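> Could you have a look at this structure, given as structure tokens, before my questions?
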């Protein structure tokens with residue numbers, strides 16, 4: 140990706156709001172999509188277009204116009220249907236929970252990591268109790 144793309148995306152990442160985590164908490168479809176997104180191949184478009192405007196929404200739209208990815212790849216990795224994929228994609232882009240570079244909102248990423256760690260802790264506790272019995 141080019142320098143302007145990187146600079147613009149970093150601006151969005153540096154202005155993240157933690158409350159957006161509430162939008163995906165306990166929503167398995169969105170969580171599946173987010174996990175799949177981080178494992179999706181993102182490529183720059185063959186013919187980049189110049190940036191059209193300077194307001195936040197125009198820049199966000201421009202960033203997304205600079206990349207391409209295969210929706211089937213996300214559907215396969217997340218086990219979402221095409222219809223569900225479109226709905227989730229619009230929601231996650233609109234709320235800036237996923238980035239066009241293949242990353243996700245940092246607060247969401249921390250939430251997901253904490254959730255995984257709690258799953259491992261619970262499993263570890265159950266295993267320990269079985270050994271004592």
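Numbering (my numbering), first residue to last: 140 to 272.
Think of the CB as a built atom: it goes at the ideal place given N, C-alpha and C, for glycine as much as any other residue.
These numbers were taken from a predicted model, which means no experiment stands behind them.
1) At which residues does the alpha helix (DSSP H) containing residue 174 begin and terminate?
2) Here's the rule I'm using: 16 or more other beta-carbon atoms within 10 Å means buried, otherwise exposed. How should residue 205 be labelled?
3) Below 7 Å between beta carbons: does that hold for residue 208 and residue 179?
4) Does the beta-carbon distance from residue 240 to residue 148 come in below 7 Å?
5) Taking residue 199 as the reference, which of 186, 150, 221 and 225 has the closest Cα?
6) To which residues does DSSP link residue 207 through a beta bridge?
7) On the three-state DSSP scale, how would you describe residue 243?
8) Output the boundary residues of the alpha helix (DSSP H) element that contains residue 161.
9) Please classify residue 156 as buried or exposed, where buried requires at least 16 other C-beta atoms within 10 Å of its C-beta.
10) Does the beta-carbon of residue 192, which I'm using as the reference point, lie nearer than 6 Å to any heavy atom of the ligand FMN?
11) Since residue 221 is in the alpha helix (DSSP H), which residue starts that stretch and which ends it?
12) When the distance is taken between beta carbons, is residue 224 closer than 7 Å to residue 210?
13) Going by beta-carbon coordinates alone, are residue 237 and residue 176 separated by less than 7 Å?
On the basis of the supplied data:
1) The residue given as residue 174 occupies position 35 in the chain shown. From DSSP, the alpha helix (DSSP H) with residue 174 extends over 167-176.
2) Residue mapping note: residue 205 aligns to position 66 of the chain shown, counting from 1. With 16 or more Cβ atoms within 10 Å of its Cβ, residue 205 is classed as buried.
3) For the purposes of this step, residue 208 is identified with residue 69 of the chain shown, where counting begins at 1. For the purposes of this step, residue 179 is identified with residue 40 of the chain shown, where counting begins at 1. Taking the C-beta atoms as reference points, residue 179 is found nearer than 7 Å to residue 208.
4) Taking the first residue of the chain shown as position 1, residue 240 is located at position 101. Taking the first residue of the chain shown as position 1, residue 148 is located at position 9. For residue 240 and residue 148, yes; Cβs fall inside 7 Å.
5) Translated into the one-based positions of the chain shown, residue 199 becomes position 60. Nearest to residue 199 by C-alpha distance, out of 186, 150, 221 and 225, is 150.
6) Along the chain shown, one-based indexing puts residue 207 at 68. For residue 207, which the question treats as bridged, DSSP gives the partners 182.
7) Here residue 243 corresponds to residue number 104 of the chain shown, with the count starting at 1. DSSP places residue 243 in strand when its eight states are reduced to three.
8) The residue you call residue 161 lines up with position 22 of the chain shown. In the DSSP assignment, residue 161 falls outside any alpha helix (DSSP H), carrying neither H nor E.
9) On the chain shown, residue 156 is found 17 positions in, with the first residue counted as 1. With fewer than 16 Cβ atoms within 10 Å of its Cβ, residue 156 is classed as exposed.
10) In the structure on display, the ligand FMN does not appear, and there are no ligands present to speak of.
11) Stepping through the chain shown from its first residue, residue 221 is reached at position 82. Segment 221-233, the alpha helix (DSSP H) holding residue 221.
12) Looking up residue 210 in the chain shown gives position 71. Looking up residue 224 in the chain shown gives position 85. The answer is yes: Cβ separation under 7 Å.
13) Within the chain shown, residue 237 is the residue found at index 98, counting from 1. Within the chain shown, residue 176 is the residue found at index 37, counting from 1. Remark: C-beta atoms of residue 237 and residue 176 approach each other more closely than 7 Å.
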